[in-house]
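K.L.:
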Amino acid sequence: MGKRDNIKINYLSRDFRTIKDDLIQYAKRYYSDTFRDFSTAGFGALMIDSVAYIGDMLSYYLDYQANESFLTTAIEYDNVLKHGRAMGYKHIGARSTYGNVSLFVLVPANASSTGPDLSYMPILKAGSTFSSAANSMFTLLEDVNFADDSNEIVVANTDQYGTPNSYAVKTTGPVVSGLQQYMVSEIGDFVRFRRLTIPRNDVTEILSVTDSDGNEYYEVDHLSQNVIYVPINNTDTTTNLQTPNILKPMVVPRRYTVEHDQGAVTITFGYGSHSEFADQSVSDPVDVVLNIHSKNYVTDSAIDPSQFMKTDKFGIGPNNTNLYIVYRVNTPGSSNAAVGSITNTGASLFRFPNSTTLLDSKMASVRSSLEVSNEEAIQGDVRAPRMEELKELIKGAYSSQNRAVTAEDYKSMVLLMPARFGGVSKCSVVQDVDSNVRNINIYVVSKNGNTFYEKTNQTLKENVKTWLSSKRMINDAVDILDAKIINLGISFQLLSVMGSNKSEVFNSAMRALQQYLSIDLDIGEAFSISDIYSVLNSVPGVADTISVSVRQAEGVGYSSTKFNVKNHTTPDGRLIMAPKNVVFEVKYPNQDVQGTVK
Numbered sequence: 001m002g003k004r005d006n007i008k009i010n011y012l013s014r015d016f017r018t019i020k021d022d023l024i025q026y027a028k029r030y031y032s033d034t035f036r037d038f039s040t041a042g043f044g045a046l047m048i049d050s051v052a053y054i055g056d057m058l059s060y061y062l063d064y065q066a067n068e069s070f071l072t073t074a075i076e077y078d079n080v081l082k083h084g085r086a087m088g089y090k091h092i093g094a095r096s097t098y099g100n101v102s103l104f105v106l107v108p109a110n111a112s113s114t115g116p117d118l119s120y121m122p123i124l125k126a127g128s129t130f131s132s133a134a135n136s137m138f139t140l141l142e143d144v145n146f147a148d149d150s151n152e153i154v155v156a157n158t159d160q161y162g163t164p165n166s167y168a169v170k171t172t173g174p175v176v177s178g179l180q181q182y183m184v185s186e187i188g189d190f191v192r193f194r195r196l197t198i199p200r201n202d203v204t205e206i207l208s209v210t211d212s213d214g215n216e217y218y219e220v221d222h223l224s225q226n227v228i229y230v231p232i233n234n235t236d237t238t239t240n241l242q243t244p245n246i247l248k249p250m251v252v253p254r255r256y257t258v259e260h261d262q263g264a265v266t267i268t269f270g271y272g273s274h275s276e277f278a279d280q281s282v283s284d285p286v287d288v289v290l291n292i293h294s295k296n297y298v299t300d301s302a303i304d305p306s307q308f309m310k311t312d313k314f315g316i317g318p319n320n321t322n323l324y325i326v327y328r329v330n331t332p333g334s335s336n337a338a339v340g341s342i343t344n345t346g347a348s349l350f351r352f353p354n355s356t357t358l359l360d361s362k363m364a365s366v367r368s369s370l371e372v373s374n375e376e377a378i379q380g381d382v383r384a385p386r387m388e389e390l391k392e393l394i395k396g397a398y399s400s401q402n403r404a405v406t407a408e409d410y411k412s413m414v415l416l417m418p419a420r421f422g423g424v425s426k427c428s429v430v431q432d433v434d435s436n437v438r439n440i441n442i443y444v445v446s447k448n449g450n451t452f453y454e455k456t457n458q459t460l461k462e463n464v465k466t467w468l469s470s471k472r473m474i475n476d477a478v479d480i481l482d483a484k485i486i487n488l489g490i491s492f493q494l495l496s497v498m499g500s501n502k503s504e505v506f507n508s509a510m511r512a513l514q515q516y517l518s519i520d521l522d523i524g525e526a527f528s529i530s531d532i533y534s535v536l537n538s539v540p541g542v543a544d545t546i547s548v549s550v551r552q553a554e555g556v557g558y559s560s561t562k563f564n565v566k567n568h569t570t571p572d573g574r575l576i577m578a579p580k581n582v583v584f585e586v587k588y589p590n591q592d593v594q595g596t597v598k
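The numbering used here numbers the first residue of the sequence shown as 1 and each following residue consecutively.
Put into structure tokens, the structure is as follows:
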């Protein structure tokens, strides 16, 4: 047995320096007769450096691949998304904001001048667009009927004798932020599981997919799902006030799924043919469950209400046609609107029920009189979740299994609400012990375009409540409430190192604090004074932090909620405790953080 047969290798040597040192020791021990040039300028040093370099690179990529194999250690956004999809998480990407706008039109008076001429009361159709002074675009979601009895009507214009000539009619309608975009894709021969990519990271929703033959494709959660539920207008006048739409199951042989990645959106189709889906009616559940297949026994099966077609082709895939894709895009800078800022009308889609008997000039006058305004702010957090937020959402989605049982489940469900319904920035779930029914209070807060916390508008809160209605326990009563925003200010005193530049120390301290304060606190999360000390003490040139004091920032532009900082500070002075319905925010770090350096 040779002397090199039992060589002990140090597997802890993983970087360039340690691998190089081991190679040098190995060469000196076992190749001392043939290898004597260990100078840094020699050819031997080049070879050892090259091997050490390759070893260091291989070690790095080995560690990198190992880290990316687990959700908790992965650092690549796309890899975290892949882990999430494997755990049942559906990424929502960018989001939209929702709200209501007030709409006004001038309607001519009737023949007796006792009210508006009802025949000229128009219907403003869904899809009409509006914009704010900051060019934020909004689209009407539902048809708005100006002839509704609940609308406000006042005299607008009169003649010289005081007789009304026209009346102003006011109504409201729901809107969503975003701009519609279109894409045409030429489809050739049939491809299994065809995938189309929209190379944008601001797509919030795929609105429609149709082909040149007039066939419509429907979005589903997964391609094996072949039944969706569509709203049908309720024409029964005795019930349509409480139930304007009736949900009907609909088999969708043409369907697709949507995946949001960091820089693109991918649409995936199935691979069946049209001949396999001749019957588009919902199957009898008995036929779906009792798949005996010539056996003399029956297995214990359950009905999946999303699968009522007996097929394994995952839907019809398009071929030899053109696909017309309509989608909505949103950006953080163009998705929010302050009170009264939506004043511009865009594409106004009017319909007059009896247009054939009306005068064109009067209809044109009604169309041109349309005005719009928003009486409440429209805001929401439209950005995609950050890395750490994404990991927490994935964990919550996996543990909740699409059902809300615990407080963590409710929080996860709120944050996972589909993008087309909007999104809140933070939420906190608290059981109301003072209530007779012990209902669940969910406190929410949103962010505006300037990334400041603001109260969530009523429309978004209603969307959250509606979204939770299908997820909550049957005996849970849920209230969506506004979290209280408390703006804080910070003052500090530092002792600088002898001989250091105090101005540079102060600037470094301010930058360090601003970076720390850029991290958003959750609702009910305490504000750590100890962390402020740690951040300041770590700044180069700081010998010690003499004092740190925290106050409530008040005045114009700040929250009006009163809060006693001293009463909520722990006896040791380390934390400012937040009630379960309070969120802390340092709104303007440049002016709310003050300090001196000695």
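Built from N, CA and C at the ideal position, the CB exists for glycine as well. Here the structure is a predicted model, which is why all the values come from computation and not from measurement.
May I have the straight-line CA-CA distance separating Ser341 from Asn581, to the nearest angstrom?
P.N.:
Each residue's alpha carbon lies about 29 Å from the other.
K.L.:
For Ala278 and Val220, I'd like the C-alpha separation in whole angstroms.
P.N.:
Unreliable placement is indicated for Ala278, whose pLDDT of 48 sits below 50; the coordinate value is still reported in the next sentence. Spanning the two alpha carbons is a distance of roughly 20 Å.
K.L.:
Taking C-alpha atoms, which residue in Ile474, Val382 and Gly346 lies nearest to Gly333?
P.N.:
Minimum Cα distance to Gly333 is reached at Val382.
K.L.:
State the DSSP-derived secondary structure class of Met498, mapped to helix, strand or coil.
P.N.:
Coil.
K.L.:
Along the chain, where does the alpha helix (DSSP H) that runs through Asn67 open and close?
P.N.:
Element bounds for Asn67: Phe43 to Glu68.
K.L.:
Tell me which residue opens and which closes the beta strand (DSSP E) that Pro589 is part of.
P.N.:
Careful: Pro589 lies outside any beta strand (DSSP E), inside the alpha helix (DSSP H) at Pro589 to Asp592.
K.L.:
With a threshold of 16 other CB atoms inside 10 Å of the CB of Met413, please say whether the residue is buried or exposed.
P.N.:
So Met413 ends up on the buried side.
K.L.:
How do the region 547 to 560 and the region 500 to 516 stand: do at least 3 beta-carbon pairs fall below 8 Å, yes or no?
P.N.:
Short answer: they don't touch.
K.L.:
Is DSSP giving Glu462 helix, strand or coil here?
P.N.:
Glu462 falls in the helix class under three-state DSSP.
K.L.:
Helix, strand or coil, according to DSSP, for Gln514 in the structure here?
P.N.:
Helix at Gln514.
K.L.:
Let me confirm a value: Ala134 is counted as buried when at least 16 other C-beta atoms fall within 10 Å, else exposed. Which label applies?
P.N.:
Classification of Ala134: exposed, given that the 10 Å Cβ count is below 16.
K.L.:
Taking all protein chains shown into account, decide if Ile546 is buried (16 or more other Cβ within 10 angstroms of its Cβ) or exposed.
P.N.:
By the 10 Å Cβ count, Ile546 comes out exposed.
K.L.:
Could you compute how far the alpha carbon of Tyr30 sits from the alpha carbon of Ala45?
P.N.:
The alpha-carbon atoms of Tyr30 and Ala45 are separated by roughly 16 Å.
K.L.:
In whole angstroms, what separates the C-alpha of Ser528 from that of Tyr453?
P.N.:
Straight-line Cα distance between these residues: approximately 19 Å.
K.L.:
Using CA atoms only, rank isn't needed, just tell me which of Thr357, Asn10, Thr204 and Val184 is closest to Tyr120.
P.N.:
Nearest of Thr357, Asn10, Thr204 and Val184 to Tyr120, Cα basis: Thr357.
K.L.:
With DSSP collapsed to three states, give me the class of Ile394.
P.N.:
It is helical.
K.L.:
Tell me whether Arg574 sits in a helix, a strand or coil according to DSSP, three-state version.
P.N.:
Here Arg574 sits in coil by DSSP.
K.L.:
Who are the Cβ neighbours of Ala509 in its own chain at under 7 Å, not counting the five residues just before and after it?
P.N.:
These residues qualify, in order along the chain: Leu494, Leu536, Val539, Val542 and Gly595.
K.L.:
Just how far apart, CA to CA, sit Tyr61 and Ser425?
P.N.:
If you take the alpha carbons of Tyr61 and Ser425, they lie about 36 Å apart.
K.L.:
Please specify which runs of the beta strand (DSSP E), each continuous and at least 3 residues long, are wholly inside the region 174 to 237, giving them in chain order.
P.N.:
Whole beta strand (DSSP E) segments, 3+ residues: 179 to 187, 195 to 198, 203 to 211, 216 to 219 and 227 to 233.
K.L.:
Please give me, in chain order, every unbroken run of the alpha helix (DSSP H) with length at least 4 that falls completely inside the region 81 to 116.
P.N.:
Counting only runs of 4 or more, we get nothing.
K.L.:
Please say whether Tyr443 and Leu415 have beta carbons closer to each other than 8 Å?
P.N.:
Contact: no.
K.L.:
Out of Pro589, Val548, Ile378 and Glu585, which has the shortest C-alpha to C-alpha gap to Ser530?
P.N.:
For the residues Pro589, Val548, Ile378 and Glu585, the minimum Cα distance to Ser530 belongs to Val548.
K.L.:
Quick check on the DSSP output: the beta strand (DSSP E) that includes Leu23 runs from which residue to which?
P.N.:
Premise fails: Leu23 lies in the alpha helix (DSSP H), Phe16 to Tyr30, not in any beta strand (DSSP E).
K.L.:
For a test of the three-state rule: what should DSSP assign to Tyr533, helix, strand or coil?
P.N.:
DSSP places Tyr533 in helix when its eight states are reduced to three.
K.L.:
Is the region 198 to 213 in contact with the region 110 to 126, if contact means three or more CB pairs nearer than 8 Å?
P.N.:
In short, these stretches do not touch, since the Cβ pair count stays below three.
K.L.:
Nearest-angstrom Cα distance between Met1 and Thr72?
P.N.:
Because Met1 carries a pLDDT of 44, less than 50, the predicted location of this residue cannot be relied on, and no value is offered for it.
K.L.:
Between the region 187 to 197 and the region 130 to 147, do three or more beta carbon pairs fall short of 8 Å?
P.N.:
No: fewer than three Cβ pairs fall under 8 Å.
K.L.:
If you drop the 5 nearest sequence neighbours on each side, which residues of the same chain put their C-beta closer than 6 Å to that of Asp544?
P.N.:
Excluding residues within five positions, the ones whose Cβ falls inside 6 Å are Leu495.
K.L.:
Using a 10 Å radius around the Cβ and a threshold of 16 neighbouring Cβ atoms, would you call Thr163 buried or exposed?
P.N.:
Classification for Thr163: exposed.
K.L.:
Would you call the region 366 to 375 in contact with the region 91 to 110, where contact means no fewer than 3 C-beta pairs closer than 8 Å?
P.N.:
In short, these stretches touch, since the Cβ pair count reaches three.
K.L.:
Touching or not, the region 71 to 90 and the region 140 to 150, by the rule of three or more beta carbon pairs under 8 Å?
P.N.:
Verdict: no, contact absent.
K.L.:
Could you pull the DSSP bridge partners for Asp479 from this structure?
P.N.:
Its beta-bridge partners are Asn441.
K.L.:
Beta-carbon within less than 8 Å of Tyr516's beta-carbon, same chain only, minus the 5 sequence neighbours each way: which residues are those?
P.N.:
If we look at Tyr516 and ignore the five residues flanking it on each side, its Cβ neighbours are Asp531, Ile532 and Val535.
K.L.:
Where Leu513 and Thr451 are concerned, what is the direct C-alpha to C-alpha distance, given to the nearest angstrom?
P.N.:
Whole-angstrom Cα-Cα distance: 18 Å.
K.L.:
With which residues is Ser446 paired in a DSSP beta bridge?
P.N.:
DSSP, once it has assigned bridges, lists Glu454 as partnering Ser446.
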